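The sequence shown lines up with residues 994 to 1257 when you count with my numbering.
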Amino acid sequence: MDGGHPRVVDATPTRRSQPRSWADSRRPHRPNYAEAVRIDIVTIFPEFFSVLDVSLLGSARKSGLIDVAVHDLRDFTHDRHRTVDDTPSGGGAGMVMRPEPWGEALDAVLTDQSTVVFPTPAGRLFVQKQARELADREHLIFCCGRYEGIDQRVIEHTRTRAAEVLELSIGDYVLNGGEVAAMVVIEAVGRLIPGVVGNPESLVEESHEDGLLEYPSYTKPAEWRGLETPPVLLGGNHAAIAAWRHEQQLERTRRVRPELLPPA
Ligand code: ADE
């Protein structure tokens, strides 16, 4: 891409494989790793996703590992003002996203093989284990709500049509909409898609992969501003280095995130 807006595509994804059995389709996985992972994003702010043109995910798109299409929800409205929201039924503050544009947008992108993600602070907490699972899907759709959220019937209706529907929160705080949360999930998942990270070994020894935080890292020079690299890392004794790193992981996790450790 040339640094402008991301590609906004109004395209129905082609089916990548024959439909599988119903039981299989509940947990869709990529039968054919030669094909790109398709990601559709529906949003009223397509510009948010221009970051997908740069860095690792930008390269993965260029090399055909990931196929991203961003859709403007307002393209699925029919009134002059391209309205996507209305007042909440039952009263209350704020606005709720109307179901009709969402229904039409999903009609355009959904297949029975799709995994549909609704980012919401009311969802299940998104963690690395889920990122690993989503990296194995062939088609991900992100539905980015704004305001007080999307009419709940959209989620219920989508459950009857998609292989999998997930309401995911990226943390216990409230953002202005699902776009940044979708980006977080896309980056966490995208880097786990085979081929996206050049050296897959670097994915093994990082925070959360084994339930612990990562050990601290050092590089050259061995001394910098009076601070030394831990001598064990310079000694070439691989067993000693592995033991030191594991101890650091435990100590760091105990200190910073004790809730990640199994109960004693
Ligand atoms: N939308 C608004 N806040 C969010 C959060 N914490 N996680 C996911 N989606 C959101």
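The C-beta atom is built at its ideal place from N, Cα and C for all residues, glycine as well. It should be emphasised that the depicted structure is a prediction, and the values quoted were computed from it without experimental measurement.
- By the C-beta density criterion, residue 1217 is exposed, having fewer than 16 other C-beta atoms within 10 angstroms.
- In this structure residue 1248 is exposed. Its beta-carbon is surrounded by fewer than 16 other beta-carbon atoms within 10 angstroms.
- Residue 1087 is a Cβ neighbour of residue 1141, given a cutoff of 8 Å.
- Minimum Cα-Cα distance from residue 1022 among the listed residues 1127, 1228, 1226 and 1064 corresponds to 1127.
- Looking at the backbone, the Cα of residue 1111 and that of residue 1060 are separated by about 19 Å.
- Between residue 1135 and residue 1175, the C-beta spacing is below 8 Å.
- For the 8 Å CB-CB criterion, residue 1155 and residue 1107 form a contact.
- Here residue 1115 really is in contact with residue 1160; their C-beta atoms are around 7 Å apart, less than 8 Å.
- Of the heavy atoms belonging to the ligand ADE, none sits nearer than 7 Å to the Cβ of residue 1084.
- Contact check for residue 1133 against residue 1234 fails: the beta carbons are separated by 8 Å or more.
- Contact annotation: residue 1064 and residue 1034 have beta-carbon atoms nearer than 8 Å.
- Beta-carbon to beta-carbon, residue 1147 and residue 1204 are separated by about 35 Å, too far to satisfy the 8 Å threshold.
- The beta carbons of residue 1058 and residue 1189 sit closer together than 8 Å.
- For residue 1162, there is no enclosing alpha helix (DSSP H); the residue is part of the beta strand (DSSP E) that begins and ends at 1157 to 1162.
- Shortest Cα-Cα distance from residue 1227 to any of 1149, 1212 and 1077 involves 1212.
- Shown here, residue 1179 sits in a helix according to DSSP, grouped into three states.
- By the neighbour-count criterion, in which a residue is buried when 16 or more other Cβ atoms sit within 10 angstroms of its Cβ, residue 1250 is exposed.
- Between residue 1138 and residue 1170, the gap from beta carbon to beta carbon is short of 8 Å.
- The beta-carbon distance between residue 1242 and residue 1207, rounded to whole angstroms, is 7 Å. This is short enough to meet the 8 Å contact definition.
- With contacts defined by Cβ atoms closer than 8 Å, residue 1121 and residue 1202 form a contacting pair.
- Taken from the Cβ of residue 1174, at least one heavy atom of the ligand ADE lies inside 7 Å.
- The distance from the Cβ of residue 1215 to that of residue 1222 is about 5 Å, consistent with a contact at the 8 Å cut-off.
- Cβ atoms of residue 1045 and residue 1184 stay farther apart than 8 Å, at about 13 Å.
- Distances from the CB of residue 1159 to the heavy atoms of the ligand ADE are all 7 Å or more.
- Secondary structure of residue 1041 (DSSP, three-state): helix.
- Within the same chain, 1037, 1075, 1077 and 1094 come within 8 Å of residue 1067 by CB-CB distance, once the 5 residues on both sides are set aside.
- Shown here for residue 1182: same chain residues with a beta carbon closer than 6 Å to its own, the five before and five after excluded, namely 1124, 1127 and 1128 in chain order.
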